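Beneath this line is the structure, given in structure tokens, with notes to follow.
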Amino acid sequence: MVAKKLSAPNVTKTRLLDATEALFIKYGYDAVLLRQITEKAQVNLAAVNYHFGDKDSLMKTLLMQRLEPLNEQRLELLARCEAESDGPLDCDTLLGVLFAPAMGLERSDPASGEGRSFIRFLGRVYSDTSPFIQEYLKVHYQPVFQRFFEAFALALPDLPRNELGVRLQFALKAISGVMAGTELRLLMNSMSLGRPATDAEVMAKLITLVSAAIRVPQQSPEAETALARVLDTQRAIRGQSALPATGKVSTLIK
């Protein structure tokens, strides 16, 4: 099949989006300047203004193009898995439903000259602390998050909903932080003891670890008491180190 050629305006838009994606993965949203984007895309600033308007609109277009198909697949996969299950899905399965579509899109997206990685892009999105990115996720991800939250609530009926929300945020941040890191391949080699390992195998290991953190019983009073003793001891040590060595110093003063 002959590849369809893009028109000149579409080529420019694609280059701008690709450059934004690569720089965002590497540096995060707030650290990326429009000048860096235009230099990497080899276009002038007027092209950004013409096609997108500003940096926020450019990034919003990229997020919509990359994340909306992902969320559609997530919701479809969740509905299918629930329909085929005799009861509520467990935590491991639900985490798999969240991240399996991302891996599928990674495989279906041919590697570009820039080494584009959907997995790393997704990891950066979840871990980026920019107010712009966080607000986008809050607005556009809320229906998806709520759908999965209810599924997790069915899987863990004894866990208070506020505690479940905290744990799910931790789980997403934990997995995404690893996914966004440039050391992912090193982690894969470490987990597989040096033999070749697939992304699916590494994700399964991460999901197993994080799922255990979601399901673990709430902290006991004994654990809080033990931690309080550790903190008290640490404060005492810091207090002692802040005191002057009164022996020799007082002698010199006299």
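For the sequence shown, the numbering used here assigns the number 801 to the initial residue and increments by one for each residue that follows.
In this text, a Cβ means the ideal position worked out from N, Cα and C, and glycines have one as well.
Quick caveat, the model's predicted, so the values are computed rather than measured.
Compute the Euclidean distance between the alpha carbons of Gln946 and Glu872, then round it to the nearest angstrom.
-> 14 Å
With burial defined as no fewer than 16 other Cβ atoms inside 10 Å of the residue's Cβ, what is the status of Phe970: buried or exposed?
-> exposed
Taking all protein chains shown into account, decide if Arg967 is buried (16 or more other Cβ within 10 angstroms of its Cβ) or exposed.
-> buried
Ala955 versus Tyr827 - alpha carbon distance = 37 Å
Under the three-state DSSP convention, the category Gly923 falls into | helix
If you follow the alpha helix (DSSP H) that Thr861 is part of, which residue opens it and which one closes it?
-> Lys855 to Glu884
CB-CB length for Gln836 against Leu823, believed under 8 Å | 6 Å
In three-state terms, what does DSSP make of Gly977?
-> helix
Anticipated Cβ contact below 8 Å, Gly977 with Gly896, distance rounded = Going by Cβ atoms, the distance from Gly977 to Gly896 rounds to 18 Å, so no, they are not a contact pair.
Residue ranges of each alpha helix (DSSP H) run of no fewer than 4 residues wholly in the region 1013 to 1042, ordered along the chain?
-> 1021 to 1042
Taking just the CA atoms, how far does Met864 sit from Thr893?
-> 26 Å
Give the secondary structure of Leu929 by DSSP, where H, G and I count as helix, E and B as strand, and everything else as coil.
-> For clarity, residue 929 is Thr in the given sequence; the question names Leu instead. Correct three-state label for Thr929: coil.
Rounded to whole angstroms, what's the CA-CA distance from Leu845 to Ala831? Just pull it up for me.
-> 18 Å
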